[in-house]
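Asks: Numbering (my numbering), first residue to last: 3 to 252.
Idealized CB from N, CA, C, for every residue including glycine.
Have a look at this one:
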C-alpha cells in the first residue's frame with residue numbers, strides 16, 4: 003500500500019467511526035482488530051495507525067498471494083491468517099473490532115458470513131460491515147448489462163468499454179488501479195446487493211446494538227424501518243455504490 007493511500011483510508015475510517023457510528027477513534031488505541039477479507043492489506047495498514055503501537059491488526063484472507071503481498075508491506079503488530087470469511091478459523095470474542103468491507107457481497111452468503119464474523123467481536127466491541135448498495139449501484143449494473151449485450155462478456159471490446167466508463171468516473175489513478183477496478187466492478191461472477199433496511203435485521207438486536215450507517219444518511223443510533231428506508235433513498239440519490247454499517251456487541 004502507498005503511504006498516501008493508507009493515510010486516506012485511515013482518515014476515512016476515522017470519519018466513519020466518529021461521525022457515523024459514534025465511536026471515538028481514540029477509544030481504539032491498543033485495540034485488537036481483524037480485517038476480514040484483507041486482500042493485499044490496504045485497510046489493515048490503515049487500521050495500524052488507529053490502534054497505535056500497543057494494538058494489533060490481524061488480516062484474514064483466502065488468497066495466499068494476497069497475504070504474501072500484505073505481509074511484505076506490513077509493519078510490527080500485524081499478523082496474517084489464511085482462511086475463509088464464511089468459516090473463520092478464529093476464536094469467538096477474540097477481537098475488539100472486526101472490519102469486513104467489500105468482501106461478503108462476493109460470497110453469495112453475505113448474511114451467513116456477517117453472523118460468523120460478528121461472533122468474533124468481544125462484548126463491547128464493534129463490527130463494521132461494508133456491502134454493495136442495491137439502489138446506488140444501479141447505474142453500474144445497467145452499464146455492465148449493456149456492455150455484455152453489445153460486446154460479449156470478457157472480450158477486449160468489453161474491457162475497453164469498461165475502462166472508459168470507469169475512467170470517466172474517476173477510477174485509478176494509474177493503469178494498475180484501473181485494471182483492478184475493471185476486474186472488481188465488471189468481471190466478478192458472484193455479486194449481491196443490499197439495503198440498509200435489509201441489513202439492519204441481520205444480527206439479533208438482543209446481542210448487537212445498531213450504531214449507524216456510513217456515509218451519514220441517518221443519525222447514529224437505533225434505526226427503524228422508516229428511517230432505514232429513508233437512508234436507502236439518500237444513498238441512491240448520492241449514487242453511493244457501497245455503504246457501511248456498524249453494530250456494538252452487548
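Is the number of C-beta pairs between the region 228-235 and the region 190-201 that are closer than 8 Å three or more?
Replies: yes
Asks: Does the count of Cβ pairs from the region 34-50 and the region 93-108 closer than 8 Å reach three?
Replies: yes
Asks: What three-state label does DSSP hand residue 225 in the structure shown?
Replies: As a position in the chain shown, residue 225 is number 223, starting the count at 1. Correct three-state label for residue 225: coil.
Asks: Report the partner residues of residue 131 according to the DSSP bridge assignment.
Replies: On the chain shown, residue 131 is found 129 positions in, with the first residue counted as 1. Per DSSP, 102, 247.
Asks: How is the alpha helix (DSSP H) around residue 142 delimited, first residue to last?
Replies: Reading the chain shown from its first residue, position 140 is the one you call residue 142. Run containing residue 142: 140-153, per the alpha helix (DSSP H) assignment.
Asks: Determine the direct distance from the alpha carbon of residue 212 to that of residue 252, and round the result to whole angstroms.
Replies: One-based indexing of the chain shown puts residue 252 at position 250. One-based indexing of the chain shown puts residue 212 at position 210. Approximately 10 Å, taken between the alpha carbons.
Asks: On the DSSP bridge assignment, give the partners of residue 123 in chain order.
Replies: Within the chain shown, residue 123 is the residue found at index 121, counting from 1. Note: residue 123 sits in a beta bridge opposite 97.
Asks: So the alpha helix (DSSP H) residue 183 belongs to, where does it begin and stop?
Replies: Numbered from 1 along the chain shown, position 181 holds the residue referred to as residue 183. Counting along the chain, the alpha helix (DSSP H) containing residue 183 begins and ends at 177-188.
Asks: Sort 118, 153, 168 by Cα distance to residue 142 and report the nearest one.
Replies: Along the chain shown, one-based indexing puts residue 142 at 140. Ranking 118, 153, 168 by Cα distance to residue 142 puts 168 first.
Asks: Quick check: the Cα distance between residue 150 and residue 24, rounded to an integer number of angstroms?
Replies: In the chain shown, residue 150 corresponds to position 148, counting from 1. In the chain shown, residue 24 corresponds to position 22, counting from 1. Those two C-alpha atoms are separated by around 42 Å.
Asks: How long is the line joining the alpha carbons of residue 42 and residue 160, rounded to whole angstroms?
Replies: Along the chain shown, one-based indexing puts residue 42 at 40. Along the chain shown, one-based indexing puts residue 160 at 158. In a straight line, the C-alpha of residue 42 is about 27 Å away from that of residue 160.
Asks: Does the beta-carbon of residue 187 have 16 or more other beta-carbons within 10 angstroms, so that it is buried, or is it exposed?
Replies: Counting from one through the chain shown, the residue named residue 187 turns up at place 185. Buried, by the Cβ-count rule.
Asks: Under 9 Å, do residue 59 and residue 46 count as touching if we go by C-beta distance?
Replies: Your numbering for residue 59 matches position 57 in the chain shown. Your numbering for residue 46 matches position 44 in the chain shown. Contact: yes.
Asks: Where does residue 228 land, buried or exposed, given buried means 16+ other C-beta within 10 angstroms?
Replies: The residue given as residue 228 occupies position 226 in the chain shown. Exposed.
Asks: Considering only the alpha carbon of each residue, which of 163, 171, 193, 132 lies closest to residue 247?
Replies: Along the chain shown, read from residue 1 onward, the residue named residue 247 stands at position 245. Check the Cα spacing between residue 247 and each of 163, 171, 193, 132: the tightest is with 132.
Asks: Within the continuous alpha helix (DSSP H) that includes residue 34, where are the two ends?
Replies: By 1-based counting over the chain shown, the position of residue 34 is 32. Note, residue 34: premise wrong, no alpha helix (DSSP H); beta strand (DSSP E) at 34-38.
Asks: Where residue 92 and residue 52 are concerned, what is the direct C-alpha to C-alpha distance, given to the nearest angstrom?
Replies: Position 90 of the chain shown, counting from 1, holds the residue named residue 92. Position 50 of the chain shown, counting from 1, holds the residue named residue 52. Computed Cα separation, rounded: 22 Å.
Asks: Could you pull the DSSP bridge partners for residue 261 from this structure?
Replies: The first residue shown for the chain is 3 and the last is 252, placing residue 261 beyond what the model contains.
Asks: Under a Cβ-count criterion, where at least 16 other Cβ atoms within 10 Å of its own Cβ denotes burial, should residue 11 be classed as buried or exposed?
Replies: Here residue 11 corresponds to residue number 9 of the chain shown, with the count starting at 1. When all chains shown are included, residue 11 counts as buried.
Asks: For residue 108, I'd like the list of residues in its chain whose CB is within less than 7 Å of its CB, leaving aside the five on either flank, ordered along the chain.
Replies: To locate residue 108, count along the chain shown from 1; it is residue 106. Close CB contacts of residue 108 within its chain, under the 7 Å cut and outside five residues either way in sequence, are with 190, 192, 193 (chain order).
Asks: Under the DSSP definition of a beta bridge, which residues are partnered with residue 216?
Replies: The residue labelled residue 216 in the question sits at position 214 within the chain shown. 246.
Asks: Let's see if you can read the secondary structure: which residues bound the alpha helix (DSSP H) around residue 169?
Replies: Position 167 of the chain shown, counting from 1, holds the residue named residue 169. Residue 169 -> alpha helix (DSSP H) spans 158-169.
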